[in-house]
Amino acid sequence: MPKIKFTIITLFQDALRPYLDVSMMWKAKDKGIAEFDFVDLREFGLGPHKSVDDTPYGGGDGMLLRCEPVFAAIESVKSKDPSAKVIIPTPAGDTWSQPMAENFATKGGHYIILCPHYEGYDERILSIVDYKISLGKYVLTGGELPALIMVDSIVRLIPGVLGGETSALVESFSDGDNIEYPQYTKPYDFRGMTVPDILLSGNHSEIKKWRSEHSQKSA
Ligand code: ADE
Numbered sequence: 621m622p623k624i625k626f627t628i629i630t631l632f633q634d635a636l637r638p639y640l641d642v643s644m645m646w647k648a649k650d651k652g653i654a655e656f657d658f659v660d661l662r663e664f665g666l667g668p669h670k671s672v673d674d675t676p677y678g679g680g681d682g683m684l685l686r687c688e689p690v691f692a693a694i695e696s697v698k699s700k701d702p703s704a705k706v707i708i709p710t711p712a713g714d715t716w717s718q719p720m721a722e723n724f725a726t727k728g729g730h731y732i733i734l735c736p737h738y739e740g741y742d743e744r745i746l747s748i749v750d751y752k753i754s755l756g757k758y759v760l761t762g763g764e765l766p767a768l769i770m771v772d773s774i775v776r777l778i779p780g781v782l783g784g785e786t787s788a789l790v791e792s793f794s795d796g797d798n799i800e801y802p803q804y805t806k807p808y809d810f811r812g813m814t815v816p817d818i819l820l821s822g823n824h825s826e827i828k829k830w831r832s833e834h835s836q837k838s839a
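The following block contains the structure:
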């Protein structure tokens with residue numbers, strides 16, 4: 621059993637797969653820590669055109685995701701795992717944050733991410749949603765990028781995914797903040813920009829002090 625599983629319901633799984641197939645997300649999958657699954661919303665579409673959207677009652681621009689395909693897609697996943705929780709990315713949701721990512725990483729479990737597209741979704745869809753998440757005060761064309769951002773920021777926190785076992789969860793768990801200080805690698809001198817000498821001193825307590833003095837809270 622993976623620590624965490626995401627089933628992503630989308631019309632555009634081709635846009636998501638490449639990111640999850642490389643680097644840390646691939647590694648998490650390869651190690652059996654995370655599992656990524658996809659459900660093609662189109663398969664649950666209505667009529668000969670497998671339609672998933674329609675015009676809004678009361679008028680207005682654009683198309684809205686209809687209830688029937690979305691409910692059918694979610695129910696198809698829940699019929700196999702009733703414990704799965706549903707996340708919908710929406711600009712009207714709670715703003716995503718590092719503590720929220722930590723919470724999901726710690727709890728683990730199975731999350732269905734429903735990626736809306738078009739102008740929006742029928743409000744009744746929210747009746748089967750557990751978490752409404754906004755990535756920030758801007759509007760994207762769909763839920764695919766928010767889905768990737770949520771998955772990435774959660775999965776990297778699970779012990780065993782990043783190289784140093786203490787690098788993510790432990791460090792940021794202490795107070796819910798990520799402490800970031802300037803870091804340098806070779807060469808010592810790059811185009812006249814040199815590395816602060818304290819970092820080459822070998823004096824670990826002084827280095828720790830310097831890092832703490834130069835830290836900025838990033839989350
Ligand atoms: N869908 C469109 N815009 C979004 C945003 N800012 N956050 C989450 N989902 C969205």
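For the sequence shown, the residue numbers in this note's numbering are 621 to 839.
Ideal placement from N, C-alpha and C gives every residue a C-beta, glycine not left out.
1) Can you give me the C-alpha to C-alpha distance between Ser-643 and His-834, rounded to a whole angstrom?
2) In this structure, does DSSP put Lys-649 in helix, strand or coil?
3) Tell me the rounded alpha-carbon separation between Gly-728 and Ile-653.
4) Find out if the Cβ-Cβ distance for the pair Pro-676, Ile-708 is shorter than 8 Å.
5) Can you name the residues that DSSP bridges to Gly-729?
6) So, at 7 Å on beta carbons, what are the nonlocal neighbours of Tyr-738 in its own chain, with the 5 sequence-adjacent residues on each side left out?
7) What residues in its chain sit with their C-beta under 6 Å from that of Trp-830, if we drop five residues either side in the sequence?
8) Just to confirm my understanding: we take Leu-666, look at its own chain, exclude 5 residues before and 5 after, and list those with CB closer than 8 Å. What are they?
9) Can you give me the C-alpha to C-alpha distance between Ile-624 and Val-775, rounded to a whole angstrom?
10) Since Glu-764 and Phe-632 are thought to touch, with beta carbons under 8 Å apart, how far apart are those beta carbons, to the nearest angstrom?
11) Could you check what DSSP says for Phe-683 in three-state terms: helix, strand or coil?
12) Say yes only if the C-beta of Val-749 is nearer than 7 Å to one or more non-hydrogen atoms of the ligand ADE, and no if none qualify.
13) CB-CB under 6 Å to Trp-716, same chain, minus the five flanking residues each way: which ones, in chain order?
14) Alpha carbon to alpha carbon, how far is Ala-693 from Ser-773?
15) Could you tell me the alpha carbon to alpha carbon distance between Phe-658 and Thr-805, rounded to whole angstroms?
16) Whose C-beta lies closer than 6 Å to the C-beta of Asp-701 among residues of the same chain, with five residues either side of it excluded?
17) CB-CB under 6 Å to Asp-795, same chain, minus the five flanking residues each way: which ones, in chain order?
18) When the Cα atoms are used, what is the spatial distance from Asp-634 to Leu-661?
19) Short of 7 Å in beta carbon distance, which residues of its chain neighbour Lys-670, apart from the five on each side in sequence? Order them along the chain.
In short, the structure shows the following:
1) Numbered from its first residue, the sequence shown carries residue 643 at position 23. Numbered from its first residue, the sequence shown carries residue 834 at position 214. Rounded to the nearest angstrom, the two C-alpha atoms are 29 Å apart.
2) Here residue 649 corresponds to residue number 29 of the sequence shown, with the count starting at 1. Lys-649 falls in the helix class under three-state DSSP.
3) Looking up residue 728 in the sequence shown gives position 108. Looking up residue 653 in the sequence shown gives position 33. Near 10 Å, if we compare the C-alpha coordinates of Ile-653 and Gly-728.
4) Translated into the one-based positions of the sequence shown, residue 676 becomes position 56. Translated into the one-based positions of the sequence shown, residue 708 becomes position 88. Taking 8 Å as the cut-off, the beta carbon of Pro-676 is found no closer than this to the beta carbon of Ile-708.
5) The residue labelled residue 729 in the question sits at position 109 within the sequence shown. Looking at the DSSP assignment, Gly-729 forms a beta bridge with Ile-624.
6) Counting from one through the sequence shown, the residue named residue 738 turns up at place 118. Correct list, in chain order: Asp-673, Gly-682, Met-683, Leu-684 and Leu-685.
7) For this step, residue 830 is matched to residue 210 along the sequence shown. The residues are Ile-818.
8) Within the sequence shown, the letter at position 46 stands for residue 666. Val-672, Arg-686, Glu-688 and Pro-689, listed in sequence order.
9) Counting from one through the sequence shown, the residue named residue 624 turns up at place 4. Counting from one through the sequence shown, the residue named residue 775 turns up at place 155. Roughly 8 Å between the two C-alpha positions.
10) By one-based count along the sequence shown, residue 764 stands at place 144. By one-based count along the sequence shown, residue 632 stands at place 12. Confirmed, Cβ separation roughly 6 Å.
11) Translated into the one-based positions of the sequence shown, residue 683 becomes position 63. The question names Phe, but residue 683 in the sequence shown is Met. In the structure shown, Met-683 sits in coil (DSSP, three-state: anything other than H, G, I, E or B).
12) For the purposes of this step, residue 749 is taken as the residue at position 129 of the sequence shown. Not under cutoff, so the answer is no.
13) Here residue 716 corresponds to residue number 96 of the sequence shown, with the count starting at 1. Taking C-beta separations shorter than 6 Å and ignoring five residues to either side along the sequence, the partners of Trp-716 in its chain run Ile-753 and Leu-755, following chain order.
14) Looking up residue 693 in the sequence shown gives position 73. Looking up residue 773 in the sequence shown gives position 153. C-alpha separation (whole angstroms): 25 Å.
15) By one-based count along the sequence shown, residue 658 stands at place 38. By one-based count along the sequence shown, residue 805 stands at place 185. In a straight line, the C-alpha of Phe-658 is about 39 Å away from that of Thr-805.
16) Along the sequence shown, one-based indexing puts residue 701 at 81. Within the same chain, Asp-701 has close Cβ partners His-730.
17) What you label residue 795 is simply residue 175 of the sequence shown in a count that begins at 1. Note that Asp-795 has pLDDT 45, beneath the 50 cutoff, so the model's placement of it is unreliable and the number below is only indicative. Nothing meets the Cβ criterion.
18) By 1-based counting over the sequence shown, the position of residue 634 is 14. By 1-based counting over the sequence shown, the position of residue 661 is 41. Whole-angstrom Cα-Cα distance: 13 Å.
19) The residue given as residue 670 occupies position 50 in the sequence shown. Only Arg-662 meet the Cβ criterion.
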